[in-house]
Amino acid sequence: MGSRNAVLAAGAALTVLLSGCTVQASGKERHSPIRIELPDRSPSPKSSPPGDDKPGTTPPAAASAVLWQRGDTGRDVRELQARLRQVAWLFDGPTGTYDDLTEQAVRGFQGKRGLPKTGRTDEATWQRLLKMTREPGKWDLYLMGGQPADEPDARCLTGRVLCISKSSRTLRWMVDGRTVLTAPVRFGAEYTPTREGVFSIYWKSRHHVSTLYDSPMPYAMFFSGGQAVHYSSDFAARGYAGASHGCVNVADERAISEMFAQVRDGDKVVVHW
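Structure representation (structure tokens):
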């Protein structure tokens, strides 16, 4: 009889455990109640690690730090643009401004390499681009102009002068030592060099066309034989990838038109290093 009662008691205890009920101590013991539950056959989605989209996945890796993005400016952006040109993802510039074309080029480069297509240059994108390109030279960075002008030659500090530096590839229009306008310029090639020295403007021709090369030379200001300062659409399109036949090319049409209106016959021209 005693053994039968023990079996019945054990069965009742097992029933309590399997039912998921709360077991509470009797008598004077006041311990916290204990709740015992049996797990379901499949884990609850709530048991997934925080931040996971699906159970069993690992959290995504931290995003790579952004170095440059649309609206940024400066020398580093020029280098980015010059390197993108090397791998044929950018054809304009470098301008030094992270514009819509730069953003599109970066997005295309990222997509081709399996990187997130954000259009922003992060550390991962930059490191990948560095491995595929070479260090840009000065005139790669300033292919289309934008470089700072160097200090004017001492011969440019008096009077009315077109002060032209071959070192910085810039032209300053100066009056009594004050710079009125500055523009990037391009010179002749190896076998048609631009002459250096002190000259003066002897003829201006607004709609000039070269009789030797049959090419337009708008806003031409002649200073030495057939060599003149003039606007060049080729310079505007190709930058320093090309060269003149000895003339001083200006790509900024607004600047050359203003200079043409102000410069007079007899004004000095200094071409120097």
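Residue numbers (numbering that gives the first Met the number 0): 0 to 272. Where a beta carbon is used, it is the ideal one built from N, C-alpha and C, also for glycine. Treat the numbers as computed from the prediction; the structure is a model and nothing was measured.
Along the chain, where does the beta strand (DSSP E) containing residue i start, and where does it finish?
i	result
Q226	Q226 to Y230
S164	R159 to S164
S243	Element bounds for S243: n/a, residue is neither H nor E.
A260	It is not in any beta strand (DSSP E) - A260 instead sits in the alpha helix (DSSP H) that spans E252 to Q261.
A219	P215 to S223
R205	W202 to V208
Going by DSSP, which residues form a beta bridge with residue i?
i	result
M173	V160 and T178
P183	T169
G196	V270
V65	D121
T72	T96
On the premise that residue j lies in contact with residue i, defined as a C-beta separation below 8 Å, what is that separation, rounded to the nearest angstrom?
i	j	result
S243	G196	That pair is no contact at about 17 Å.
Y230	Y239	That belief does not hold up - the Cβ atoms of Y230 and Y239 are roughly 16 Å apart, past 8 Å.
L66	W125	6 Å
S223	R194	5 Å
V262	V184	About 14 Å separates the two Cβ atoms, so there is no contact after all.
S164	G265	So it is not a contact: roughly 22 Å between Cβ atoms.
A182	L170	5 Å
S209	M216	6 Å
Q68	R119	4 Å
- Could you tell me which uninterrupted alpha helix (DSSP H) segments, each at least 4 residues in length, are contained entirely in the region 85-143, listed from first to last along the chain? The alpha helix (DSSP H) runs lying completely inside the region 85-143 and spanning 4 residues or more are 99-111, 122-131 and 137-140, given in chain order.
- Message: Would the region 143-161 count as touching the region 201-210 if we require 3 or more Cβ pairs under 8 Å?
- Response: Under the Cβ criterion (8 Å, minimum of three pairs), the region 143-161 does not count as touching the region 201-210.
- Query: Using 8 Å as the threshold, is the region 88-95 in touch with the region 112-121, meaning 3 or more CB pairs across them?
  - Reply: At 8 Å Cβ cutoff, the stretches do not touch.
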